[in-house]
Structures are given as structure tokens and as C-alpha cells.
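One structure is given below, encoded as C-alpha cells.
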Amino acid sequence: SMAPVLEHGDTVMLDTDQTRPSSPGIFILFDGLGLVAKRIELVPSTSPQVLRICSENQAYTNYQRTIDEVQIIGRVVWFARNL
Numbered sequence: 004s005m006a007p008v009l010e011h012g013d014t015v016m017l018d019t020d021q022t023r024p025s026s027p028g029i030f031i032l033f034d035g036l037g038l039v040a041k042r043i044e045l046v047p048s049t050s051p052q053v054l055r056i057c058s059e060n061q062a063y064t065n066y067q068r069t070i071d072e073v074q075i076i077g078r079v080v081w082f083a084r085n086l
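With my numbering as the guide, the letters of the sequence shown map in order to residues 4 to 86.
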């Protein structure tokens, strides 16, 4: 769902100290079904805080969850891909 930015088989490095999307970015999160890479950002002026969770691939639907409904593992800070 993150192609072309991230592809299946890519290796990613996470900053696990960054578990709150104070600035938007690509994060690894547990959404209740499994670990996923998604672009997330906080929706302003929401209480409880709401996350907008987006895929890079337009074939996948974007969605929103309260920040308590997901577990943010960390921010993707680097990736590598086999040639």
C-alpha cells in the first residue's frame, strides 16, 4: 500500500523514540490486524486526538483512527532496497 515509496521486501530503519506524529511522516504501526507502514498525521482540533492514516498507493483507502486505537512503533527514518 506504500508503493512506490516503499516496496515489498524493503528494509526499513525506525526511530522508536518517535511514537507521536508531531510532524507528519511514514510510521510503522500496529492497527489491530498487523504491522503496517503508513503515512500518518494528527487531525487538528480533535479530542480525543485523531490520526489520518494514508497509503501512497491510491488503490488503498485512507482512514482515520483515534490515537488510542493504534500502537505507533516508530517513524521510518531510512530504507534500503535490493537492486
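Beta carbons: idealized from backbone N, C-alpha and C, even for Gly.
Small disclaimer: the values here were computed from a predicted structure and weren't measured.
Inter-residue spacing [alpha-carbon to alpha-carbon] between residue i and residue j
{"i": "M16", "j": "Q61", "result": "24 Å"}
{"i": "L86", "j": "P51", "result": "43 Å"}
{"i": "D71", "j": "V80", "result": "23 Å"}
Whole-Å CB distance - residue i paired with residue j, under 8 Å assumed
{"i": "I43", "j": "L32", "result": "7 Å"}
{"i": "L9", "j": "P24", "result": "At roughly 17 Å, the Cβ-Cβ gap does not stay under 8 Å, so L9 and P24 are not in contact."}
Best match in the options for proximity to residue i [C-alpha to C-alpha]
{"i": "M5", "options": "T22, G28, D34 and A40", "result": "A40"}
{"i": "V53", "options": "P7, G77 and P27", "result": "P27"}
{"i": "P7", "options": "D34, S58, T49 and Q74", "result": "S58"}
{"i": "D34", "options": "T69, Q21 and R84", "result": "T69"}
Unbroken beta strand (DSSP E) run spanning residue i, endpoints
{"i": "A83", "result": "Q74 to A83"}
{"i": "R55", "result": "V53 to C57"}
Is the region 7-16 touching the region 63-70 in the sense that three or more CB pairs, one from each, lie closer than 8 Å?
The region 63-70 makes no contact with the region 7-16, as fewer than three CB pairs between them are under 8 Å.
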